[in-house]
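Residue numbers (this note's numbering), protein chains in the order written: chain A, 4 to 400; chain B, 4 to 400; chain C, 4 to 400; chain D, 4 to 400.
Glycine included, every Cβ here is placed at the ideal spot set by N, Cα and C.
As the structure is a computational prediction, the values presented were derived from the model and not from experiment.
There are 4 protein chains.
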Amino acid sequence: MKKALIVYSGGLDTTVCIPLMREQGFEEIVTLTVDVGQPEADVRQAADRAREMGCEHHVADVKEEFAAEYCAPAIAANADYFGYPLSTAIARPLIAKKAAEVAHAVGGVDAFVHGCTGKGNDQFRIEFGLRLFAPDIPILAPIREMNLTRTWEIDYAERVGAPIGQSKEKIWSIDENLWGRSIEGGRLEDPNYEPPEEIFQWTASLAAAPGEPETVEVEFRAGVPVRIGSVSGTPLQVIAEANSLAGKHGVGRIDIMEDRLIGLKVRENYECPGAVLLIAAHRALEALVTTHAERAFKAQVDAQWAELAYQGLWWDPFMEDLNAFIGQVQRRVSGTVRMRLFKGGMTVLGRDSDWALYSEAAASFDDTTSLEQSQMTGMVRTHGLESLLYARLVRRG
Amino acid sequence: MKKALIVYSGGLDTTVCIPLMREQGFEEIVTLTVDVGQPEADVRQAADRAREMGCEHHVADVKEEFAAEYCAPAIAANADYFGYPLSTAIARPLIAKKAAEVAHAVGGVDAFVHGCTGKGNDQFRIEFGLRLFAPDIPILAPIREMNLTRTWEIDYAERVGAPIGQSKEKIWSIDENLWGRSIEGGRLEDPNYEPPEEIFQWTASLAAAPGEPETVEVEFRAGVPVRIGSVSGTPLQVIAEANSLAGKHGVGRIDIMEDRLIGLKVRENYECPGAVLLIAAHRALEALVTTHAERAFKAQVDAQWAELAYQGLWWDPFMEDLNAFIGQVQRRVSGTVRMRLFKGGMTVLGRDSDWALYSEAAASFDDTTSLEQSQMTGMVRTHGLESLLYARLVRRG
Amino acid sequence: MKKALIVYSGGLDTTVCIPLMREQGFEEIVTLTVDVGQPEADVRQAADRAREMGCEHHVADVKEEFAAEYCAPAIAANADYFGYPLSTAIARPLIAKKAAEVAHAVGGVDAFVHGCTGKGNDQFRIEFGLRLFAPDIPILAPIREMNLTRTWEIDYAERVGAPIGQSKEKIWSIDENLWGRSIEGGRLEDPNYEPPEEIFQWTASLAAAPGEPETVEVEFRAGVPVRIGSVSGTPLQVIAEANSLAGKHGVGRIDIMEDRLIGLKVRENYECPGAVLLIAAHRALEALVTTHAERAFKAQVDAQWAELAYQGLWWDPFMEDLNAFIGQVQRRVSGTVRMRLFKGGMTVLGRDSDWALYSEAAASFDDTTSLEQSQMTGMVRTHGLESLLYARLVRRG
Amino acid sequence: MKKALIVYSGGLDTTVCIPLMREQGFEEIVTLTVDVGQPEADVRQAADRAREMGCEHHVADVKEEFAAEYCAPAIAANADYFGYPLSTAIARPLIAKKAAEVAHAVGGVDAFVHGCTGKGNDQFRIEFGLRLFAPDIPILAPIREMNLTRTWEIDYAERVGAPIGQSKEKIWSIDENLWGRSIEGGRLEDPNYEPPEEIFQWTASLAAAPGEPETVEVEFRAGVPVRIGSVSGTPLQVIAEANSLAGKHGVGRIDIMEDRLIGLKVRENYECPGAVLLIAAHRALEALVTTHAERAFKAQVDAQWAELAYQGLWWDPFMEDLNAFIGQVQRRVSGTVRMRLFKGGMTVLGRDSDWALYSEAAASFDDTTSLEQSQMTGMVRTHGLESLLYARLVRRG
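1) Kindly list the residues whose CB is nearer than 8 Å to the CB of R153(C), restricted to its own chain and excluding five residues on each side of it in sequence; keep chain order.
2) Select from G110(D), A160(D) and N150(D) the residue whose C-alpha is nearest the C-alpha of A137(D).
3) Bridge partners of L316(C), per DSSP?
4) At a cut of 8 Å, does the region 126 to 134 of chain D reach the region 198 to 215 of chain D through at least three beta carbon pairs?
5) Just curious, the beta strand (DSSP E) that E72(B) is in, first and last residue?
6) Tell me whether F345(B) sits in a helix, a strand or coil according to DSSP, three-state version.
7) So S185(D) is in the beta strand (DSSP E); what residue range does that whole segment cover?
8) Roughly how many whole angstroms lie between the Cα atoms of L392(C) and I259(B)?
9) S90(D) and G183(D) look like a contact to me (Cβ under 8 Å); what is the Cβ gap, rounded to whole Å?
10) Answer yes or no: do D113(A) and K251(A) have a C-beta to C-beta separation smaller than 7 Å?
11) Does S362(D) have its Cβ less than 7 Å from a Cβ in chain B?
12) Between D370(C) and chain B, is any beta-carbon pair separated by less than 7 Å?
13) Would a check of beta-carbon distances place I265(A) closer than 7 Å to chain D?
14) Can you tell me whether Y11(A) is buried or exposed, with buried defined as 16 or more other CB within 10 angstroms of its CB?
15) Does H285(D) come out as helix, strand or coil in the three-state DSSP assignment?
16) Looking at C-beta atoms only, is the number of pairs between the region 36 to 47 of chain A and the region 60 to 69 of chain A that lie closer than 8 Å three or more?
17) Take every Cβ of the region 299 to 311 of chain A, pair it with every Cβ of the region 267 to 274 of chain B, and state whether three or more of those distances are shorter than 8 Å.
18) If you drop the 5 nearest sequence neighbours on each side, which residues of the same chain put their C-beta closer than 7 Å to that of E30(B)?
19) Measuring only the C-alpha atoms, how far is L281(D) from V221(D)?
20) Can you tell me which residues form a DSSP beta bridge with F29(C)?
21) Check the Cβ-Cβ distances between M379(A) and every residue of chain B, and say whether any is below 7 Å.
22) From this set, V351(B), G348(B), V340(B) and I140(B), which residue's C-alpha is nearest D357(B)'s C-alpha?
23) Secondary structure at R398(B), three-state DSSP: helix, strand or coil?
24) Of the residues that make up the region 325 to 350 of chain A, which ones have a beta carbon closer than 7 Å to any beta carbon in chain C?
25) Under a Cβ-count criterion, where at least 16 other Cβ atoms within 10 Å of its own Cβ denotes burial, should W401(A) be classed as buried or exposed?
26) Verify the CB distance criterion: does W358(B) have a CB-CB separation below 7 Å to chain D?
27) Out of L388(B), V397(B) and Q376(B), point me to the one whose CA is closest to Y123(A)'s CA.
28) Report the three-state DSSP secondary structure of M260(C) (helix, strand or coil).
29) Less than 8 Å between C-beta atoms, sequence neighbours within five positions excluded: which residues of the same chain meet that for T380(C)?
30) Using a 10 Å radius around the Cβ and a threshold of 16 neighbouring Cβ atoms, would you call R298(D) buried or exposed?
31) Does any C-beta atom of chain D lie closer than 7 Å to the C-beta of T294(A)?
32) With DSSP run on the structure shown, which of helix, strand or coil describes K251(A)?
33) List the DSSP bridge partners of A114(A).
34) At a Cβ threshold of 7 Å, is F203(D) touching chain A?
35) Give me the chain D residues within the contact set of L291(C), using Cβ-Cβ distance strictly less than 7 Å, ordered along the chain.
36) Does DSSP put E375(C) in a helix, a strand or coil?
Laid out in C-alpha cells, this is it:
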C-alpha cells in the first residue's frame, strides 16, 4: 500500500492532487497544512476538505518558530528583493522542513506531493527543503509534470467530486502568512495596470486610513524587535502588532517588477505592513551604530541574503556565512526608533542607541584629541590626488 | 597689487572673508556667486553686499547647465548616498568649475578664497574642482586655516562694518539649489531630536498637504525626464515642476544619519521633493527594462557613483567609467511611470516602456519556444545541488 | 524534405547525430565546422567525414573575428572565472552566431542539431546563441534528449557505418581554440589526481622548458595587445605568438575547481599560454593607469563579465553595460609591460605608460601644491574616527 | 619630569627621535622594540643603541601571537591588497597594541613617539592603535611634524653623537617580519625599473634555485595551516617552514603598483615566500569546499578585509563582521593541498577534503535523485530568457 504526503493548502491545486494521487496508486494520503499565519479560516477549510476526502490530516502550528527563526533574521538582513520583503519566500523552507518531519514521524511515506506549477518560484523552494531533509523520498509535482491547466483542474474536481468551493470565480492568486500577503494573476500581471482597491485586505485605503498621524516607537535588542508602542513580547507578538498598526495607516503596499527564478520578469503586488514598518525602523537604527564602510558593505551582504532567501536556499552554507556577518553587526543594533505613520506613508522621527557612533563632542571637534580644523588642510589637499594627476594627463592632450 | 577671487554666497562666512583678505594684502577682491537655483533673494543679497564692500562682483547663472549636466546624470544613477540624493554635493563641482573659468577670464587672480570650515564636506569638493581647473592658483580657506568660530566672525564683521544682517539669530545652516535644500546645525544634529516643522520650506506639512491624492505621469527618454504631467521641457523645467508638485504634497523630506568625509557620523535633514519623485519614477522604469543580474549590479554601480559624487570627485576617471555603464543602460530607459502623491507619500501605479522585458506571452509560456512546464523538472532538481551535497556532509557528522 | 543543420566538430557526438537525424526524417543534412583555431587536422577530418556521409559541408574560418571581437574583449576584462580564462566559453557564442548565419544563407533549415550532453555548459551557450539569432528554428540535442551514453554511440556508429575512427580508446575529452585548450574526463575529474604530463600539448614540461629565462615586452593600445616581442599585428597574430612564446616556457597550465552552470563542482585542466601571458601583462598595465577605487571596482566588473561569459550570454544587455565600463577604462590602457618567462613561471619586470598615475614629483611631495608632510597630521588624527568611538563604547562595557 | 615612550626600531628615524625628545623636555625616554620576526641582529642593535643613549629599553617578543592572531586570519582572508599579502600592514596594529600595554605597565608616560614620515601608511596604522588602546596619551611624530629630511637627520645625529652606523650609504628602506619583507626607495619607485637581484634576501634567484621541482603538502584545519611537509606545529612554526621552503625555490617575489592611504600610487617590491605559498594552498582548498555563490562573494569579503588591514583598522567593528563571515567559511576549510615549487613558480597538483563539494556520483548524474540529462532541456530553454526578449526588442528596431 503506497503512501503519499501532500503539502496541503486546501486550495484548488493541492486539493486536485488528492484524487490524482489515488489514481496513481497511492491508497494512503497524508495531508499537512503548515500554519505560518494564514487566515484561520483557510487552515480550517483545509482540514475540513482533507477529512472529507478521507485523508489523514495534520496541522503544524509554526507561527512562533516562523516569527523567531525566519522573520527575525529577515529583519536583521533588511530583507529586500528589489522591494519585496520575501514574505512567501521565507515561509517555504519551513513548510518543507515540517513536511519532512511529519513524513519521518508518520513513517512509510513513499512520495511527497506539492501543487506548484512549473512557472513559479515555490517549486524550487519546496523541493530544495524536502530533498534536503528527506533525501530518500521522491517528490511528485502533478500540476507541473502533467502540464495541467486551471480549467482542466476545475473540471476534473467536479468530475471526481473533490470539494473546491467557488473556485471558478476566483480571479487573484493569494498567498498569506505572518510576514505578508501576495496577490497575483490576471490583469495584475500587466505592469501598467493600476491594482484595484479590492485586492488589499491588510492595509487601509488612503481614504479609509485615519486622518491623524500616529507616532510609534519600536525597540530592538540585538537586531530583534522586542517592543512596538506598548506591546512587548515575542517576535510573533511584535510582528502581529506591527501588521495591525501599519495596516491601519495603509502602510506596506508594494507594487514592483520582480524577476522570477526561471528568468521571467513579472509584476507583483504585496501588502506587508509589519515587515515594511519593522525593516524601516531596523535600517534607521543600523545607520546609527555602523561605520560608513560597514554600512555600505552590509547593503551588499543583505542583497546576497535576499537572493538566497528568494531562491529558498535557506540552509545553504553561504546563508550561514551571511548570517554570521549579519549577526555580528546585530550585537549593537539595540535601541529605539520613533516612526510616524500616516496615510500610507512612514517617516523616521528619531533614533537612539547606546551604540550610536554619533558623538556630540566628536561632531564639534571638542575632543580629547583636540583636533583643530586648521589641521585638515593636508587631507583636503591630498583629496583626489590620482584624479588630479589624471586631469593633468588629459589636458596634456 | 594682489587679487583674490572669493566664491561668494553672501552669507556670514564668505562675507567675513572680504575684509580678512584685504588685511592679508589682497587689494582687489573679485566675488563670484554661482546661481544653481538658490532663492533669487540670496543671489541679490550677495550682489548687494559684494558691491557695498567694493568688490568686482560676478554672477554666473548655470541653472540650465546644472539641471542638464549634473541633475540628469544624478537621476540616471538613482543618486542615493544612504538616502541623500546628493543635492549640495553635485552643485559644488560646478561652482568650482565656474570659479576657475571666471578666474581665467578675469585674469591675474593670485588666490581663490572659500568660506568652508574644516569639519564639512564642501572644502573637499570645492578645492578639488579649483585645483583641477586652475592648478596654478593657490587656495585660501580662512575660516578653516585661522580656526575661526561663528561668534568671532560676527564680532569681527561688526568691528569692520561688514554687512552680515541679522545673522546672530540664525539657528540653522541652510544650503539650497535646484536639486534640494539642506538644513543643518544646532539641535538638529542630535539623532533623536524631532525636526520642527519650521525648518521646511519646500515641502508642505502633512496637515497642509492637499486632502486628495494626485496622480502624475513622468516621461523619460534615454533616462532623462522630459515631461511631468503636462509640463514638457528641459531638465530644468521638468525638475522645477517636480519640485513644485511633490513639494505641494509634502513629498521629499529626508531625515538620515550620514557619514561625512572626515569620518564623522551626523544627522542630516533635507527636503528634495523633485529629486525624490524623479528618482523613484526612474527606478521603477529601470526595473521594467533591465535584466535581473543587470539590475542587481547597477545598484552597486549606483552606490559607487554616489560615493564619488559625495566626495565631489566629479571628474575622476572612475566617474567616467561608471557613467559609461550607466549611460549604456539608459538607452533603454524610455517610457512613462504613473505616480500617486499624497500626504508625504508616493506610490508607483504603473509603468510602460517599449523596452519592457515583460512579455505576456513569455509569462504565460505561450511562446515560439513552446516551453512546457513539465520540462522544468530538471532545473528544479538541480536547484541547490551544492547545498544539498553540503547538507549531506553536515549530517554525516 | 526536411533539412537539419548540424554544428559539426567531426567528433563522436556530432558524427553520430548525422545518421540519427536521418532516422528522424531529415533527409538533407548540412554540416558546419567553425574554425576558431582548433588543429587544422580536426577541421580537415570533419570535412572528410561529413562528405563521406553525404552532407553538405560548410567551413567558416572565423579566427580573425574570434581574436578581435571575442579574445580582445576578454583581455580587456582580464577574463578570469575562478582561474579559467574562458577559452571554450567565449568561442561558443560565435559558433552559434555563424550557425545561424549559415542557416539563413542556406535557407530552408528545419532544425539545428548540436551534440552537447545534459551535464555540461556548452548546451546553454550554443542554444542561447542559436535562439537569439534564429528564434524560429527549433533546436535538437539528441545526445541529451535521448539520454545517450558514449558506449551506445560507438556501437551505433559501428552499426550504421559512421566514420568515428579510433574513438574507443579516447580517454580525455579535448576542446581547442585560439584562446586555449581544455582537457577533461576520466580520472582528471578527481580533484586530487595529479594530471599526467601527456595531457598537455601546448605547454612544455618543466624539464623540457628552456634553461634560460626569456624577457618579452608586450605593447597595448587602448587595451588591445598590438605587439609582443618583435611581432606586431592583428590580435590573431599577437595571440598566436603569445601562445607560442608562453607555451615554450611551460607557462599557462591551469588546474582548478570549477562550478558548472547546472551547479556541479568539477576539476578542470586547461592550457592557455597566450591568454595567461596577455592577461597578466594587461593587469599590470591597468594597475599603473587606474585610480585606487577604479581598480578595486573593476575587479568586480570583471568578475561579472566572467560570469556572463561563462554562461555564454555574450549578447546580454548587461554584457553591453559591462563592456561600456571596461571600454572606458581601456582608453588609457596603452603602454608596454616587460615580462620574464621561465620554467612555467612569469614575472612582471616593469611597466610604462603615458597614462601612468604615478608621478615622481607627487610621490616625493615635490609638487605645485607644495604639500608638506607636517600637514598630514589632521588626516592621521581623523583616521578611523568611527572605529575609535566604537572602541570607547566597547570599553565602557 | 616628562616621560616619552618611543616605538623603537633602532633605525635612523627612531634613533634621531631620542635626542629630539630630550630637547623637547622629555627627560625620561622609554624605548620599545616589538619583535615580530625581523632579523635578530636588528633587535639586538636596537637594544644596544637604546642603552648606549641611556634609555629604559623594552623588548616584546610577540612572534607566536603575531603568527596566530594576525597571520592566520590573513590566510583565512586570502590576504591580497592588489597582490600584496599585507606583511607590514598587519604587524603595525600589534606593535601599537604592545606599545600601549608597555606604556600602561611602565606608568607615567606623557607621550608616544614614532618615527613615521607624513607620506606613508604606517603613521595611520600606528596612531590608530595607540589612540585606541591609550586614548589619553598624546602622540608625537617628530619626523612628520618637523618636516625632517634624511640628510638633516644624519647631520643632526652626528652633531649630537647618536649611534646611527653607516646609514649614509643606505639605499633601500627595508621592513621585515615573519609575514614578509618590503624593499622600497630610490630607483625602485620607478615602475619601469627592473629591481636588482641584490634587494632580495629571503628568496633564491632563478639561477640559484634548485634544479629539481619539490612537491610539498600543506594541511589545514579550519583554515589554519597546521602542517607543511613534515613540519607540524604552531602557526609560527608552519609559517617559518613555509618561508624557508618557498624561499629556497625563489617563490614569493612581488612587484606591484600600490595605492597608498594618502592617495599616491607607488611601485612596491616585496618578498613573502611563506605568505604566497600558504595563501595559494588555502585558496585551492576553499575552492573545493565552497559553493559557487559563496566563493564569488568571499572574494569581495576578502577584498574588504584587505582594505581594512591595509588601513591598519584591525579593531574596526567592520573587521569583526568580516571575520565572522570568514570564520564561518573556515569551519570547512580542512584538508590537504599538494603544491609543486620550482624556479620561482608554484602549481597546485591536487587537493583533498572531507568537506569537498565534489561528488563523483553527482558529477556523473548517478545519484539518488536519478537525474536524467534529458530533463535538462527546460533549464537550457529558459537560459537567458530576458536576454532573448531584449534581442527581440533590438531587432524590432
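On the basis of the data shown:
1) Closer than 8 Å at the Cβ level, and outside the excluded window around R153(C), lie L15.
2) Nearest neighbour of A137(D) by Cα position, chosen from G110(D), A160(D) and N150(D), turns out to be G110(D).
3) In DSSP, L316(C) forms no bridge with anything.
4) no
5) Counting along the chain, E72(B) falls outside any beta strand (DSSP E), and DSSP gives it neither H nor E.
6) strand
7) G183 to E187
8) If you take the alpha carbons of L392(C) and I259(B), they lie about 19 Å apart.
9) 3 Å
10) no
11) yes
12) Since pLDDT at D370(C) reaches only 45, below the 50 mark, its modelled position is unreliable, and no value is offered.
13) Yes, I265(A) lies at the interface with chain D (some Cβ there is under 7 Å from its Cβ).
14) Y11(A) is buried by the Cβ-count criterion.
15) helix
16) yes
17) no
18) M4 and K5
19) 8 Å
20) Partner(s): K5(C).
21) yes
22) The candidate whose alpha carbon is nearest that of D357(B) is V340(B).
23) Three-state DSSP puts R398(B) in a helix.
24) none
25) Residue 401(A) lies beyond the stretch modelled for chain A, which goes from 4 to 400, so this question has no answer here.
26) Interface residue, yes.
27) The sequence given here places Gly at residue 123(A); Tyr does not occur at that position. Here the closest residue by C-alpha is Q376(B).
28) strand
29) For T380(C), where only same-chain residues beyond five positions count, there are no Cβ hits under 8 Å.
30) buried
31) yes
32) helix
33) A7(A)
34) no
35) P194 and M260
36) E375(C): coil per DSSP, three-state reduction.
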